[in-house]
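If you're matching positions, the sequence shown starts at 8 in the working numbering and goes up one per residue. Have a look at the structure below before the remarks.
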Amino acid sequence: MAFARKVWKLLVAIKDGLVLLFMLLFFGLLYAALSFRPVDGAHVQEGALLVALDGVVVEEPEAVDPFSMLLSTGTPIREHRARDVIRAIEGAATDDRIKAVVLDLDYFLGGGQVHMTEIGKAIDKVRAAKKPVLAHAYAYTGDGMQLAAHASEVWVDPLGGALVAGPGGTFLFYGDIADRLKVNVHVYRTGEYKSAVEPYTLSRFSDAARRDIEGTYGALWENWVDEVAKARPKAKAREVALDPVSAIQAAGGDGARAALAAGMVDKIGSYEDFAARVGELVGEDPDAPDDAHSFAHTFYTDWVKAVAPSKKGKAIGVITVAGEIVDGEAGPGTAGGDRIAALLDDALEDDLAALVVRVDSPGGSVTASERIRQAILRHKEKGIPVVVSMANVAASGGYYVSTPADAIFADPSTITGSIGVFLAVPSAENALPEWGVTPDSIRTTPLSGQPDLFGGFSPQMDAVLQSQVEHSYDMFLGLVSDSRKITKAKLRSDIAEGRTWAGGPARQVGLVDRFGNLDDALAFAAEKAGLKEGDWHADYIQDEPDPFTAFVQSMTEPAESSGDGDMLAVMMARRDMAAGRAAGDLLALLESPRMQARCMACPAPFAAPDAKRGESLLQAVVARTGL
C-alpha cells in the first residue's frame with residue numbers, strides 16, 4: 008500500500024504540473040491572439056522610415072523554440088536580419104511616401120563591421136536622394152558610431168557620449184588551470200598560426216598568434232577609421248579613440264559634450280527632443296501623438312512586409328551559411344551541415360540559373376563543412392555558376408565551404424583565411440590519482456580502449472589522430488590550391504598555416520577575387536549565367552518556420568524599448584554579449600571531440616552542436632569502445 012500511495016502522489020504531481028503548463032500556454036496564446044497584428048496588415052505610412060535597432064544585427068536570426076519563448080520570464084535579445092534592414096533603407100531612397108530615415112540606436116547592441124558598412128552604404132543612397140537621415144542614441148560605441156557617421160544629423164542623449172574602443176579585447180586561457188587540475192589536454196593541429204587550440208594549453212597568446220591577430224584587427228581598425236572619416240570628415244574619431252581621457256576631461260567629464268566637441272555628434276537631446284525634431288520634418292503621428300515615436304512613421308519591418316521584392320525572371324538561389332558550422336540539423340543562425348545540405352539538395356529541382364553562397368561563419372566541424380561543400384558541388388555539376396559572398400567572417404570552415412566558388416566576393420573588413428585543422432581532447436589520467444582513483448589497463452592491441460580518457464592516450468593513438476588532422480589539412484590545402492590556382496607550397500609558406508586575413512590583404516594574396524556585397528555577387532552570378540538586369544531575381548533557400556512558431560515569435564518580440572541608460576550601461580551591455588565566448592571555448596573542449604576548422608580571431612559566439620552528428624574517426628573509435 009505504501010508503494011501505491013507513492014505512485015499515486017507521483018501521478019497527482021504530474022497531473023498538477025501538466026495543468027499548470029497548459030494554463031500558462033493558454034494564457035500566453037490568449038494574450039498573443041488579443042495583441043496579434045496580421046502580416047497582411049502591414050502598410051507604409053507617409054512620413055519617416057523608423058529603423059529601431061533594439062538588439063543586434065545578424066546575417067541570419069537564430070531559430071526559436073515557441074514553447075520556451077512562451078514560458079520564458081526574460082526578454083529575448085532581438086536579432087535584426089541585415090538584408091532586411093538594408094533593403095528597407097535602400098527602398099526609402101526611392102519610395103515617395105518616405106520623407107526621412109530615422110535610426111533609433113538607443114538600445115543597439117551592435118553587429119559585424121561588414122554589416123555596418125553595408126547599412127552605411129544604404130544610408131548614403133538615401134542621402135544621395137536628398138532625404139535626411141537622423142540618428143539618436145543614449146551612447147555611441149564603435150558599431151553605432153559607424154552607422155551614425157553616415158547620417159545627416161546625429162543626436163546623443165545628455166547622459167551619453169561616444170566612446171570608440173576599436174577591435175580587440177580579452178581572451179581567456181585555461182592552460183594553467185588544466186595543469187593545476189592535472190588535466191591532460193591532447194592537442195593535434197596543423198599550422199603555426201592555428202591559434203584556436205591555444206586557450207586550452209597556454210596561459211597567453213603565442214608570439215605567432217599574437218602577430219597574426221594583431222595584424223588582422225589592425226586592418227579592421229584602419230578600415231573603420233577610414234569609413235567614419237569619409238562619411239563624417241569633421242569627426243575626430245581616431246583622436247578620441249587613442250586619447251579618450253583628454254577628450255572627456257576637456258568637457259569636464261560630460262561625455263555628451265565631449266562627443267559634440269569632437270564632431271562625433273551634432274546635437275545633444277533626449278529622445279523626446281529628437282522626436283520633436285523629426286516631427287518638424289515629416290509631420291506628427293495623428294494616431295499616437297503621445298507615443299515616444301510621436302512623428303509619422305513606418306517601422307522598417309512593416310516596410311519589408313508591405314513591399315515584396317520582385318520575382319520576375321529566372322531565379323538565382325541564395326543559401327546562407329551563418330554561425331558555427333556543426334554536424335546535424337541545427338539552425339538557422341547556426342550552420343547545421345545536414346540541414347544546409349538538405350536545403351541545397353531540395354533546391355536542385357528548382358531550375359536555378361546560378362547559386363550564391365552567403366557565408367558569415369568562423370568555421371567549425373570538418374565533417375559538417377564537407378557535407379555543405381559536397382552539396383554545393385552537386386549544383387556546380389549541373390553547370391550553373393557558383394559565387395560566394397563573404398560577410399563579416401568566412402574563415403577556416405567558412406573558407407572551406409567557399410572553395411567550390413567560381414568567384415569570391417568579400418569586404419575589406421571581412422575576416423577570412425585561417426586555413427588549418429585541429430583537434431583537442433582532455434584526459435584525466437593525471438587527475439584521477441589525486442582523488443584516490445588509479446587507472447590500470449589491459450590491452451590486446453595498441454588501440455585497445457583508445458582513446459582512453461581515464462588511462463591516457465597511447466603513442467599510437469596520438470600518431471593516428473595527428474595523422475588524421477594532417478590528412479584533413481592536406482585535403483583542405485588541395486581544395487584551396489585547385490580553386491585559387493595557388494600551389495600547396497605557396498599556401499603553406501605564405502598564406503595558410505592558420506593565418507587570418509582581413510579582406511584587403513586576402514585579395515592581395517589571392518584568397519578573394521573582388522570587393523563587393525551580396526548584391527554585387529548576385530549581379531556577377533547573373534552575368535555568368537547570361538542574364539541581363541531585370542531578367543532574374545534572388546530566391547533565398549531557407550527554412551520556413553511553421554505557422555505556430557511564426558505566430559508566437561511575432562507576439563513575443565520586444566515592443567518598444569524603454570528605460571534609461573548611460574554610456575557605461577551601453578558598453579556593459581555589449582560586454583555581456585561577448586561574455587559567452589569564454590564559456591563557449593570551454594564547452595568546445597568538453598563537447599564530444601571532433602576535428603575542427605575554426606578561427607579564434609573571429610568575433611562569433613559559440614553554438615552548441617545539434618544532437619544529430621556526423622561521425623569522425625575519433626567518434627567512431629569512441630562509439631566502438633563504449634566510452
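We put the beta carbon where it would ideally sit given N, CA and C, even for glycine. Remember, predicted model here, so these are calculated numbers, not experimental data.
Between the CA atoms of residue j and residue i - distance to the nearest angstrom
i: Ile275; j: Glu53; result: 27 angstroms
i: Thr223; j: Ser425; result: 11 angstroms
i: Ala313; j: His50; result: 5 angstroms
i: Ala513; j: Thr410; result: 14 angstroms
i: Asp358; j: Lys319; result: 14 angstroms
i: Gly270; j: Val252; result: 16 angstroms
i: Gly517; j: Ile493; result: 8 angstroms
i: Leu486; j: Tyr406; result: 10 angstroms
i: Leu288; j: Ser488; result: 56 angstroms
i: Leu41; j: Thr101; result: Interpretation of Leu41 is limited by its pLDDT of 48, a score under 50 that renders its predicted location unreliable; the figure taken from the coordinates is listed afterwards. Whole-angstrom Cα-Cα distance: 36 angstroms.
i: Leu249; j: Leu60; result: 28 angstroms
i: Glu229; j: Gln473; result: 38 angstroms
i: Leu377; j: Gly463; result: A quick correction: the sequence has Glu, not Leu, at residue 377. In a straight line, the C-alpha of Glu377 is about 30 angstroms away from that of Gly463.
i: Ala303; j: Trp543; result: 35 angstroms
i: Pro419; j: Met482; result: 27 angstroms
i: Leu454; j: Gln467; result: 7 angstroms
i: Ser388; j: Ala348; result: According to the sequence shown, residue 388 is Glu rather than Ser. Each residue's alpha carbon lies about 15 angstroms from the other.
i: Arg385; j: Asp352; result: 8 angstroms
Backbone secondary structure at residue i - three-state DSSP
i: Gln603; result: strand
i: Val395; result: strand
i: Leu368; result: Strictly speaking, residue 368 in this sequence is Ser, with Leu absent from that position. Correct three-state label for Ser368: strand.
i: Leu625; result: At Leu625 the pLDDT is 44, less than 50, meaning the model places this residue with poor confidence and gives no usable figure here.
i: Lys312; result: helix
i: His304; result: strand
i: Tyr278; result: helix
i: Ile415; result: strand
i: Thr177; result: coil
i: Leu154; result: helix
i: Ile93; result: helix
i: Ile21; result: helix
i: Ser434; result: strand
i: Glu331; result: coil
i: Ala533; result: helix
i: Glu441; result: helix
i: Leu362; result: strand
i: Gly98; result: helix
Where the alpha helix (DSSP H) through residue i begins and ends
i: Ser376; result: Val373 to Lys387
i: Arg346; result: Gly344 to Asp353
i: Val252; result: Pro251 to Ala257
Classification of residue i by the beta-carbon crowding that lies within 10 angstroms, buried from 16 upward
i: Arg217; result: exposed
i: Trp508; result: buried
i: Gln515; result: exposed
i: Ile21; result: exposed
i: Ala136; result: exposed
i: Lys189; result: exposed
i: Gln457; result: buried
i: Ile93; result: buried
i: Glu356; result: exposed
i: Lys241; result: exposed
i: Tyr547; result: exposed
i: Asp309; result: buried
i: Ile184; result: exposed
i: Gly404; result: buried
i: Arg506; result: buried
Element boundaries [beta strand (DSSP E), containing residue i]
i: His478; result: Unbroken run through His478 is the alpha helix (DSSP H), Pro466 to Arg491; no beta strand (DSSP E).
i: Tyr224; result: Note, Tyr224: premise wrong, no beta strand (DSSP E); alpha helix (DSSP H) at Asp214 to Ala238.
i: Tyr547; result: Trp543 to Ile548
i: Gly62; result: Gly62 to Val65
i: Ile196; result: This sequence places Arg at residue 196; Ile is not what is there. Per DSSP, Arg196 belongs to the beta strand (DSSP E) from Asn191 to Arg196.
i: Lys106; result: Ile105 to Asp111
Any C-beta of chain B under 9 angstroms from that of residue i
i: Glu551; result: Annotation note: the requested chain B is absent from the structure, which comprises a single protein chain.
Inter-stretch contact (C-beta, 8 angstroms, three-pair minimum) for the segment 524-532 and the segment 394-402: yes
Three or more C-beta pairs below 8 angstroms linking the segment 148-161 and the segment 106-114: yes
Cβ pair count under 8 angstroms reaching 3, the segment 428-436 against the segment 532-540: Output reads no: the segment 532-540 does not touch the segment 428-436.
Touch test, the segment 160-177 against the segment 141-150, Cβ-Cβ under 8 angstroms, three pairs minimum: yes
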